Each structure stands twice: as structure tokens, then as C-alpha cells.
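Below is one structure, written out as C-alpha cells, with a few remarks after it.
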Amino acid sequence: MTEAWPALPDGSRLALREILIHGVLSRAEIARSLGLSRASLTRAMRILVAQRLVVEVGTDVRGATGRPSELLQVSSGQWEFLGIKLTKDRLYAAVTDLGGRVLALHEEVIDDTNPASLAERIAAVLERLRAAHPAICAIGVSLPGDVIVRAGESVVAASVFLGWHEVPFAGMLEERTGVASFTANDVHALTAKEHWFGAGAGRGSMVLVTVGEGLGLGLIANGQVSTGEHGRLGRIGHLPVLGGGPDCGLGHAGCASSYLPSPVVVRNAGHEGKTYEQVVELARDGDEGALAAFEDAGRALGVLLATAVHIADPSAIVLTGDGLPVYDLARAAVDDSLRAALAPYTEPVTVEVQPFEFSEWARAGAVLAIRRLLGE
Ligand SMILES: [Zn+2]
Numbered sequence: 303m304t305e306a307w308p309a310l311p312d313g314s315r316l317a318l319r320e321i322l323i324h325g326v327l328s329r330a331e332i333a334r335s336l337g338l339s340r341a342s343l344t345r346a347m348r349i350l351v352a353q354r355l356v357v358e359v360g361t362d363v364r365g366a367t368g369r370p371s372e373l374l375q376v377s378s379g380q381w382e383f384l385g386i387k388l389t390k391d392r393l394y395a396a397v398t399d400l401g402g403r404v405l406a407l408h409e410e411v412i413d414d415t416n417p418a419s420l421a422e423r424i425a426a427v428l429e430r431l432r433a434a435h436p437a438i439c440a441i442g443v444s445l446p447g448d449v450i451v452r453a454g455e456s457v458v459a460a461s462v463f464l465g466w467h468e469v470p471f472a473g474m475l476e477e478r479t480g481v482a483s484f485t486a487n488d489v490h491a492l493t494a495k496e497h498w499f500g501a502g503a504g505r506g507s508m509v510l511v512t513v514g515e516g517l518g519l520g521l522i523a524n525g526q527v528s529t530g531e532h533g534r535l536g537r538i539g540h541l542p543v544l545g546g547g548p549d550c551g552l553g554h555a556g557c558a559s560s561y562l563p564s565p566v567v568v569r570n571a572g573h574e575g576k577t578y579e580q581v582v583e584l585a586r587d588g589d590e591g592a593l594a595a596f597e598d599a600g601r602a603l604g605v606l607l608a609t610a611v612h613i614a615d616p617s618a619i620v621l622t623g624d625g626l627p628v629y630d631l632a633r634a635a636v637d638d639s640l641r642a643a644l645a646p647y648t649e650p651v652t653v654e655v656q657p658f659e660f661s662e663w664a665r666a667g668a669v670l671a672i673r674r675l676l677g678e
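In the working numbering, the protein residues as written are 303 to 678.
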């Protein structure tokens, strides 16, 4: 029987959060950043060590006082987490430790997105991975849909891709597996993962933009993931970007979806029938239609990023997704249109490119479970 995650008093929980985000911290640094007294910190840390959540890894004498201070980091191997990313036809799984490090990966094809069958499926994946990872204590599922919390229960209000409406999937999964389970919108979960363990680690504000078959945006404001009233924050697919362009299919001439989604780039390049990867290759070989389509997509992306800066004032933008070749092939177009769309007095913003892998979305599910257990 797997051990359940322990209930932690606030001081311990906040100290653990600090250590998770920063990797290794000294007692003095934790006390300073949380404003804890020596006695409170000692109490908080004693609980974390007793629960095998953190371990001491030597001492540091850099502090202002010159006194040695013990260094702490999260323990590995004691507590493990299963992250799942669902798409309409595949399931990606990752097992991580408390520090978000990936210990195992698994993926399989799914042919039935019915919630009960998927809960069954995930339970089977859990059993399989538990053979080598008996310390899995929670499951986080990241999925393409609107996830809201209603009366303390997390509910998937809608998912077009999975064909779900009002599905209390976390509760269903918890009932089926007996393991604490959580759900979140996939882009919001990926944003949260980057915020704790990726390009945005330690930042108070950040925007993540994904470009691929679809478009998405996640927002960290005041150190928290924003989800919006209906779990739909960041639906940027139909933001107007370059007026007068091709119809996106919904009657918008020149919205983000008229230029940026991978299938649209293929169509705008005049290479319908080819794959996105083939069109990327054609552009690299100098094909004019392909280059023009990427150029337009790049200009659209620049406007999109500028819009995100205007609305969110982030300290950085993290750009990811399987449509990243647009940033590679049309970098100048992205940068020029981003700069042109910003007011002249706006501070320049860093764009950090995060290479795309589906396993990162599954890892985001595991990080979601860790965050929820820490009360985020
Ligand atoms: Zn549109």
C-alpha cells in the first residue's frame, strides 16, 4: 500500500515550496525569504526531514554573518508522482520525483476517450509503472479542456477534443485508484511546470505561448497560475493579428489561426497534402511558397507576443510547441513585428525558447500533482 502524502503545517509547506523552486537552499536563505524566526524554521524543517521530504546536503558559509548554515534539497526516491497528458488519440505518462526529475516515461495509443474507460486505462498505467516505482503517491492529469473548481471539486467543464462535458475526472480517477488525483488544462499545467522547474523558475510573472496544431497561452501573475473564471484563460487562437488576411474558417480575416497553426502553414504554403515537417524542410531548401507562409506566420506570432506583453507585462515569454520552426525560419519577422507592435517606451522582453517534447506535457501533469499537494 502506498503511503499517502502527509498533511503539512503552513511553515513546512512554504519552506518546501521554496526549496523545490530554488533547488538547494540554506536554512538562512529559507528563513529570510519566508520571514520565519529561528524557532519556527527549526520546527518547519524538522517536520520536512522527518517526513523524508528534504535532506541535508552539507553547509554553506556565505551568509552575511559568516556562520555556517545547513543546505537543504528535496529528497529523491521517497515520494514519486505520476503525470499524464491526454490528447484525443494518445496518452503520455511520466513518473517524477519530488524535484520534478523524470524517472520513467511511457506512452500508448487510446481509441476510446470515454471518461470511465480512460480512468480505467490510467489505473492500468499506474499499476504497470508502480512495479518499478512503488512510491507513486499522486496522479496529475493534464488535458485539452476547461478545468474549473466547483464546490471544492475539480471538474472538466468541457473538452472538445475528448468529447467531455461536466466530467469530475479527478474524483473518478481517485475513486478508481485510491490515489490522490488532480486535473488541469494542459497549457496551464505546462505553464505551472515551467514556472517551478523550467525557463520561468522563480519568476513572479511569465507568459507561456504554445504554437503547434493549435495555439495556447498560459499566464503566471503575482507568482500564481491564472486560469480565468471558466478555466479558459489564454484562448488566443482567434485574436486578430494582421487584418485582411485569409479566412481562418470562422469568418475572421487575419486572426492568429489564419496564419499560425501547423495545418494552416501547410495550406498557406500551397502544399496541401504534405506534412508540416515536409513543409519545414521545403522552407529550409528555399521553397518560396513555404518561406512566405512562415514569414506571415512569423509576423502573426510577433503581434501575438506583443499583445501578451501589453496585457500581462511579463518578465519573460516562454515559447514552445511543435510549431517552433516558425521562430527558427522567420526569426526576423517575429522580432520585427513584436518590436513594431510594442509602444516605444516598453521594456524589451526576453523570449525563451523551450524545445518541444510530449514527455514535458506528461511531466507537467506530475508537477501539477506536486503543486496541488502543496496547496497551490
Ligand atoms: Zn479566427
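Using N, Cα and C, we set each Cβ at its ideal position, and we do this for glycine too. A quick note: this is a predicted structure, and the numbers were derived from the prediction, not measured.
Asked: For residue 453, the nearest candidate out of 473, 579, 621, 307 (CA to CA); Found: 473
Asked: Cβ neighbour criterion (16 or more within 10 Å) applied to residue 495; Found: buried
Asked: Between the CA atoms of residue 551 and residue 557 - distance to the nearest angstrom; Found: 10 Å
Asked: Exposure label - residue 527; buried when at least 16 CB within 10 Å; Found: buried
Asked: Any non-hydrogen atom of ligand 1 closer than 6 Å to residue 564 Cβ; Found: no
Asked: Given residue 497 as reference, the closest of 619, 634, 313 once Cα atoms are compared; Found: 619
Asked: Any non-hydrogen atom of ligand 1 within 6 Å of residue 552 CB; Found: yes
Asked: Alpha-carbon spacing of residue 597 relative to residue 635, whole angstroms; Found: 6 Å
Asked: Reduced DSSP secondary structure (H/G/I, E/B, other) of residue 383; Found: strand
Asked: Spatial distance of residue 584 from residue 592 (CA atoms); Found: 6 Å
Asked: Same chain, Cβ closer than 7 Å to residue 547, neighbours up to 5 away in sequence not counted; Found: 555, 556, 560, 561
Asked: Residue 656, DSSP secondary structure in three states; Found: coil
Asked: Residue 559 CB to nearest heavy atom of ligand 1 below 6 Å; Found: yes
Asked: Spatially closest choice to residue 449 from 377, 467, 312, 336, by CA coordinates; Found: 467
Asked: 6 Å CB neighbourhood of residue 743 in its chain, flanking five on each side removed; Found: Outside the displayed range of the chain (303 to 678) lies residue 743, so it cannot be described from this structure.
Asked: Alpha carbon of residue 412 to alpha carbon of residue 461, nearest angstrom; Found: 16 Å
Asked: N-terminal and C-terminal residue of the beta strand (DSSP E) that residue 748 is part of; Found: Residue 748 falls outside the range modelled here, since the chain spans only 303 to 678, and no answer is possible.
Asked: Cβ neighbours of residue 394 in the same chain (closer than 6 Å, five flanking residues each side left out); Found: 387, 409, 660, 664
Asked: Validate contact between the region 668-676 and the region 305-323 using beta carbons, cut 8 Å, 3 pairs; Found: yes
Asked: Heavy atom of ligand 2 within 6 Å of residue 435 beta-carbon; Found: No copy of ligand 2 occurs in the structure displayed; its ligands are ligand 1 alone.
Asked: Beta-carbon contacts of residue 490 that lie in its chain and below 7 Å, excluding the five residues immediately before and after; Found: 520, 527, 529
Asked: Reference residue 535; option with closest CA among 544, 517, 545, 542; Found: 517
Asked: Ligand 1 heavy atom lying under 6 Å from the CB of residue 612; Found: no
Asked: Identified DSSP bridge partners for residue 679; Found: Given a span of 303 to 678 for the chain in the structure shown, any question on residue 679 remains unanswerable.
Asked: Enclosing beta strand (DSSP E) for residue 589 [first to last residue]; Found: That residue, residue 589, is in no beta strand (DSSP E); it is neither H nor E in DSSP.
Asked: First through last residue of the beta strand (DSSP E) which encompasses residue 448; Found: 448-452
Asked: Distance, residue 317 Cα to residue 463 Cα; Found: 39 Å
Asked: Host beta strand (DSSP E) of residue 427 (start-end); Found: Looking at the DSSP string, residue 427 is not in any beta strand (DSSP E); the run it does join, the alpha helix (DSSP H), is 417-432.
Asked: Residue 313 in three-state terms, based on DSSP; Found: helix
Asked: Closest residue to residue 538 among 361, 353, 514, 504 (Cα-Cα distance); Found: 514
Asked: Residue 613 - DSSP class collapsed to helix/strand/coil; Found: helix
Asked: According to DSSP, residues forming a beta bridge with residue 353; Found: Residue 353 is not bridged to any residue.
Asked: Neighbourhood of residue 417 by C-beta, 7 Å cutoff - its chain only, sequence neighbours within 5 removed; Found: 466, 469, 471, 474
Asked: Where the beta strand (DSSP E) containing residue 634 begins and where it ends; Found: Not the beta strand (DSSP E): residue 634 falls in the alpha helix (DSSP H), residues 633-643.
Asked: Backbone CA spacing between residue 377 and residue 354 [nearest angstrom]; Found: 7 Å
Asked: Inter-residue spacing [alpha-carbon to alpha-carbon] between residue 456 and residue 421; Found: 15 Å
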